Amino acid sequence: VSKKMYGANDVSFTKEAEKDLLQIKKLGLANLPVCIAKAPSSLSDDPKLHGRPRDFQVTVRGIQINAGAGFLVVLTGNIMRMPGLPKVPVASNIELQPDGTITGVG
Numbered sequence: 069v070s071k072k073m074y075g076a077n078d079v080s081f082t083k084e085a086e087k088d089l090l091q092i093k094k095l096g097l098a099n100l101p102v103c104i105a106k107a108p109s110s111l112s113d114d115p116k117l118h119g120r121p122r123d124f125q126v127t128v129r130g131i132q133i134n135a136g137a138g139f140l141v142v143l144t145g146n147i148m149r150m151p152g153l154p155k156v157p158v159a160s161n162i163e164l165q166p167d168g169t170i171t172g173v174g
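In our numbering, the protein residues as written are 69 to 174.
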């Protein structure tokens, strides 16, 4: 995925990621679909490389098994595993009015 779709020229695996791969193969889960946790503003693991950079290296630091959901999460670079969130939380629109009503919800 990193080379063919994202434009990377190399992929490296940390020792932890290599251990994860061995465990995944041992458990017979190597054919599960993959979700890649990467920088949200880039197809790389480097948030400074915006858009679709070319000729970069991706570092896989770990692979998490989500057997119940049926997929693997590949953790790249210094990425925190969270769902995609907006830059400004929607909760910042919620206000309590002087009469006690709440606005900005829903």
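The beta-carbon is built from N, C-alpha and C at its ideal position, and this holds for glycine as well.
Note that the structure is a prediction, hence the values are computed from the model and not measured.
Gly138 is bridged by DSSP to nothing; it lacks a bridge partner.
DSSP links Ile104 through a beta bridge to Val142. Sequence-distant partners of Tyr74 (beyond 5 residues in either direction) whose C-beta falls short of 6 Å from its own C-beta, in its chain, are Leu111. DSSP, read as helix, strand or coil, puts Val69 in coil. Judged by beta-carbon spacing, Thr127 lies within the 8 Å limit of Thr144, meaning their Cβ atoms are closer than that value. At a Cβ-Cβ threshold of 8 Å, Ala85 and Arg129 count as neighbours. With at least 16 other beta carbons inside 10 angstroms of its own, Asp114 counts as buried.
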